[in-house]
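Q: Here's a structure for you.
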Amino acid sequence: MRNKPLTIGSTVIQPGERLTLGLPTPELYSYASLHIPVHIIHGKKAGPTLLICAAIHGDEMNGTAIIHRLLNLGLLKGMHGTLIAIPVMNVFGLTTLTRNLPDRRDLDVSFPGSEEGSFAARLAHYLNQEILSLATHCIDIHSGEPYQHRIPQIHTNLKNPELKALAHSFQPPVILHTESKRGLLWQNQKESPIHTLIYDAGEPLRLDEACIRIGFRGILRVMRQLNMLSLTEKHTANYPPTWVRNSEWVRSPGSGLCQLYKKLGVYVKERDTLATVYDPFGTSRSFKITSPTNGIILAHNTLPLVNEGDPILQVAQTEETTHSESWQEHGLE
Ligand SMILES: [Zn+2]
């Protein structure tokens with residue numbers, strides 16, 4: 264079936280057309296005008312409308328690199344449906360290397376926003392009206408939080424069978440169940456919610472090739488699952504994902520220099536030593552950090568100086584597995 268014309272603002276995009284729009288952001292006191300570039304590839308044939316967005320936190324750049332790769336893919340010419348790709352949602356944050364907006368608010372938790380609200384709420388409202396309302400599916404790409412390194416992972420509500428199938432088709436090293444209502448699109452008040460996967464990988468202010476490659480390949484597999492692309496078997500991952508229902512952050516019992524002993528994705532047993540925190544000024548005072556459960560390391564702190572109570576490592580309760588341990592090779596086939 265032939266696709267129908269798509270309207271964004273005053274622009275009408277015909278089936279088979281590809282273009283880039285610059286969406287204006289709310290005005291800054293400097294009068295510097297900023298735009299959010301949005302790429303639209305509107306297939307000739309009808310299908311889902313997939314929104315892929317990155318850098319909603321302006322310092323998280325792995326997703327921006329993934330979208331760059333995706334947009335240069337010749338395969339998209341024969342695509343069914345529509346791809347809307349936003350390499351940088353938070354252009355303010357990108358230019359200042361910061362996570363949040365100029366009003367210090369987090370755009371990710373500002374949806375659906377409001378016309379009369381804060382700077383962040385107005386931007387969220389505008390994006391909601393112009394872009395989010397068009398999407399049937401979304402992949403929202405993140406890169407951990409400041410001073411955290413995360414194993415590439417998909418978060419979604421696994422109680423929804425379609426989302427579960429999409430998460431599985433992505434084939435990341437780890438899939439986590441979440442019913443959180445925080446974050447982009449889950450706060451969107453539409454009658455038919457957008458089917459959303461969160462891909463979270465690596466750390467802010469750093470490009471990580473394994474995270475980028477896994478994300479890029481995963482998106483292609485999701486597009487195949489949605490019948491937007493036809494792909495060959497070579498795009499199948501070498502390893503099945505590890506499914507996670509529960510995880511917890513292990514916090515530091517004391518302050519000092521933190522030495523980690525475990526890498527991302529490794530399997531640990533309950534009471535294994537994960538890290539030691541010792542006195543930077545040379546006394547013999549030190550604290551041992553042990554695993555609360557059998558499981559794998561999902562994320563860890565990257566800052567060697569920690570205070571009492573800081574999160575140090577995130578451990579997911581799982582059965583013994585070596586699949587997530589070899590995550591660096593995931594997507595490198
Ligand atoms: Zn983020």
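Note that the numbering used here has the sequence shown beginning at 264, numbered continuously upward.
The beta carbon of each residue, even a glycine, is placed where N, CA and C say it ideally should be.
#1: Just to be sure I understand the criterion: a residue counts if its Cβ is closer than 5 angstroms to at least one heavy atom of ligand 1. Which residues meet that?
#2: Label Gln277 either buried or exposed according to how many other C-beta atoms from any shown protein chain fall within 10 Å of its C-beta, with 16 as the threshold for buried.
#3: Which two residues bound the contiguous alpha helix (DSSP H) that contains Phe479?
#4: I need the DSSP call for Tyr600, collapsed to helix, strand or coil.
#5: DSSP state of Asn557, grouped into three classes?
#6: Between which two residues does the alpha helix (DSSP H) containing Val372 stretch?
#7: Give the range of the alpha helix (DSSP H) segment to which Lys427 is assigned.
#8: Out of Leu520, Tyr530, Ala384, Val351, state which residue places its alpha-carbon closest to the alpha-carbon of Arg367.
#9: With which residues is Val578 paired in a DSSP beta bridge?
#10: Suppose the cutoff is 6 angstroms on Cβ atoms and the five residues either side in sequence are ignored; what does the same chain contact list for Arg548 look like?
#11: Using C-beta distances below 7 angstroms, list every residue in its chain close to Met342, excluding the 5 sequence neighbours before and after it, in chain order.
#12: Just to check my reading of the structure: Ile324 and Leu470 have Cβ atoms closer than 8 angstroms, yes? What is that Cβ distance to the nearest angstrom?
#13: Note down, in chain order, each residue of its chain lying with its Cβ closer than 8 angstroms to the Cβ of His586, except the 5 sequence neighbours on either side.
#14: Return the CA-CA distance between Gln416 and His440, expressed in angstroms with no decimal places.
#15: Look up Ala295 in the DSSP assignment and give the residues it is bridged to.
#16: Enumerate in chain order the residues of its own chain whose CB-to-CB distance from Glu442 is below 7 angstroms, with the five nearest sequence positions on each side excluded.
#17: Is it buried or exposed for Gly321, if we count other Cβ within 10 angstroms and need 16 for buried?
#18: Would you report the Cα separation of Glu571 and Ser518, rounded to the nearest angstrom?
#19: Just grab the DSSP bridge partners of Leu314 for me.
#20: Does the distance from the C-beta atom of Lys525 to that of Ile560 stay below 8 angstroms?
#21: Using a 10 Å radius around the Cβ and a threshold of 16 neighbouring Cβ atoms, would you call Tyr294 buried or exposed?
#22: For Glu280 and Val354, what's the separation of their Cα atoms in angstroms?
#23: Could you name the residues of the same chain whose beta carbon sits closer than 8 angstroms to that of His458, not counting the 5 residues immediately before and after it, in chain order?
#24: Drop a sphere of 10 angstroms on the beta-carbon of Leu360, count the other beta-carbons inside from all chains shown, and report buried for 16 or more, exposed for fewer.
#25: Out of Ala328, Leu333, Leu346, point me to the one whose CA is closest to His405's CA.
#26: Using a Cβ-Cβ cut-off of 6 angstroms (strictly less than) and excluding sequence neighbours within five positions of Gln580, which residues of its own chain qualify?
#27: Between Gly310 and the rest of its own chain, which residues show a CB-CB distance below 8 angstroms, the 5 nearest in sequence each way excluded?
#28: Name the residue from Gln434, Asp573, Ser381, Leu395 whose alpha carbon lies nearest to the alpha carbon of Trp590.
A: In short:
#1: This criterion selects His320, Glu323, His405.
#2: Exposed, by the Cβ-count rule.
#3: Segment 472-488, the alpha helix (DSSP H) holding Phe479.
#4: Residue 600 cannot be examined here, being either before or after the span of the chain that is shown, 264 to 596.
#5: Coil at Asn557, not helix or strand.
#6: Per DSSP, Val372 belongs to no alpha helix (DSSP H) and is neither H nor E.
#7: For Lys427, the enclosing alpha helix (DSSP H) starts and ends at 424-433.
#8: Arg367 has its Cα closest to that of Ala384, out of Leu520, Tyr530, Ala384, Val351.
#9: Within the DSSP bridge table, the entry for Val578 names Glu511, Ile560 as partners.
#10: Around Arg548: Asp542.
#11: Hits under 7 angstroms: Ile304, Gly306, Met491, Leu492.
#12: Checking the displayed sequence, the identity of residue 324 turns out to be Met instead of Ile. Yes, Met324 and Leu470 are in contact; Cβ-Cβ is about 6 angstroms, under 8 angstroms.
#13: Same-chain partners within the cutoff: Pro436, Tyr502, Pro503, Pro504, Thr505.
#14: For Gln416 and His440, the distance between alpha carbons rounds to 11 angstroms.
#15: Paired residue(s): none; Ala295 is not in a bridge.
#16: Within the same chain, Glu442 has close Cβ partners Asn420.
#17: Buried, since its Cβ has 16 or more Cβ neighbours within 10 Å.
#18: CA-CA distance, Glu571 to Ser518, rounds to 5 angstroms.
#19: Answer is Ile347, Cys401.
#20: Between Lys525 and Ile560, the CB-CB gap stays under 8 angstroms.
#21: With fewer than 16 Cβ atoms within 10 Å of its Cβ, Tyr294 is classed as exposed.
#22: If I take the Cα positions, the gap works out to 25 angstroms.
#23: The answer, listed in chain order, is Thr399, His400, Cys401, Asn423, Glu425, Leu426, Leu429.
#24: With fewer than 16 neighbouring CB atoms inside 10 Å of its own CB, Leu360 falls in the exposed class.
#25: Of the listed residues, the one whose Cα sits closest to His405 is Ala328.
#26: Spatial neighbours of Gln580 in its own chain (CB-CB distance under 6 angstroms, excluding positions within 5 residues in sequence) are listed in chain order as Asn509, Thr556, Gly558.
#27: Non-local beta-carbon contacts of Gly310 in its own chain, meaning distances under 8 angstroms to residues more than five positions away in sequence, involve Asn266, Met342, His343, Gly344, Thr345, Leu489, Asn490, Met491 in chain order.
#28: Of Gln434, Asp573, Ser381, Leu395, the residue nearest in Cα terms is Gln434.
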